[in-house]
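*Asks:*
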Amino acid sequence: LIVPLSQLDPSIGTITASECMFRIYRDIRFSNDKTPYKTHFSAFIANGGRKTRMAGYYVHLQPDESFIAGGIYAPDPTVLESIRNSIYQHPEEIRRILDNKRYCELFPALSNEEKLKNPPKGYPKDFKEVELLKNKHFVTHRALDNEFFEKADVIGRLMELFKVQYPFNDFLNRAVH
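Mapping of the sequence shown onto our numbering: residues 292 to 468, in sequence order.
Below, the structure written as structure tokens:
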């Protein structure tokens, strides 16, 4: 998946699978559940791999709970401010991406997790895209059933979904640079 994604999104560059995959071991230090292993596989494909500040493509494989996602989850404060500034300076561009018919069909909503109740400091309350500025995470996702991964050409079908995700990630990555 890394090779076709890096052809679609040149910002990914050359990374290895080990840089993208999350470890299978659970952190059980503060958990009542001492099961040592995760019950899913996940990887984040982006420039710099799973530890990057950049937007990328996430794959989560788990029986009956698989999904893909794209964007930036929990950006550090400087990255978050850069994204908000980019949205403020280019509201028509981000709105065009998020309102694209195909994008809305496949990735219907931006994550509202930990969304601010008020606009962030330094931005006007009457800004037309103020709801976007309130986000702390810029992630969209799509649930996938088990059959999606059991059929032939899973890479090709994942790529079709990630092609639709690319403009959103590109916008975020340009904001971060």
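Backbone N, C-alpha and C fix where the C-beta goes; we use that ideal spot for every residue, glycine too.
So what does residue 350 bridge to, in DSSP terms?
*Replies:* Looking at the DSSP assignment, residue 350 forms a beta bridge with 334 and 359.
*Asks:* Is residue 343 helix, strand or coil by DSSP?
*Replies:* Residue state, collapsed to three classes: coil.
*Asks:* Classify residue 323 as buried or exposed, calling it buried when 16 or more other Cβ atoms lie within 10 Å of its own Cβ.
*Replies:* Result: exposed.
*Asks:* Cβ of residue 320 versus every heavy atom of the ligand COA: is any distance shorter than 7 Å?
*Replies:* The ligand COA is not part of this structure, which contains no ligands at all.
*Asks:* Hey, residue 423 and residue 378 are a contact pair by Cβ (cut 8 Å); roughly how many whole angstroms apart?
*Replies:* Contact flag correct, Cβ pair sits at about 5 Å.
*Asks:* So for residue 457, helix, strand or coil by DSSP?
*Replies:* Residue 457: helix per DSSP, three-state reduction.
*Asks:* Hey, could you find the ends of the beta strand (DSSP E) residue 431 is sitting in?
*Replies:* Where residue 431 is concerned, the enclosing beta strand (DSSP E) stretches over 429-435.
*Asks:* Evaluate contact between the stretch 326-333 and the stretch 419-437, counting only Cβ atoms and requiring at least three cross-stretch pairs below 8 Å.
*Replies:* Not touching, per the Cβ criterion.
*Asks:* Let's test the definition: count the other Cβ atoms within 10 Å of the Cβ of residue 300 and tell me whether it reaches 16, buried, or not, exposed.
*Replies:* With 16 or more Cβ atoms within 10 Å of its Cβ, residue 300 is classed as buried.
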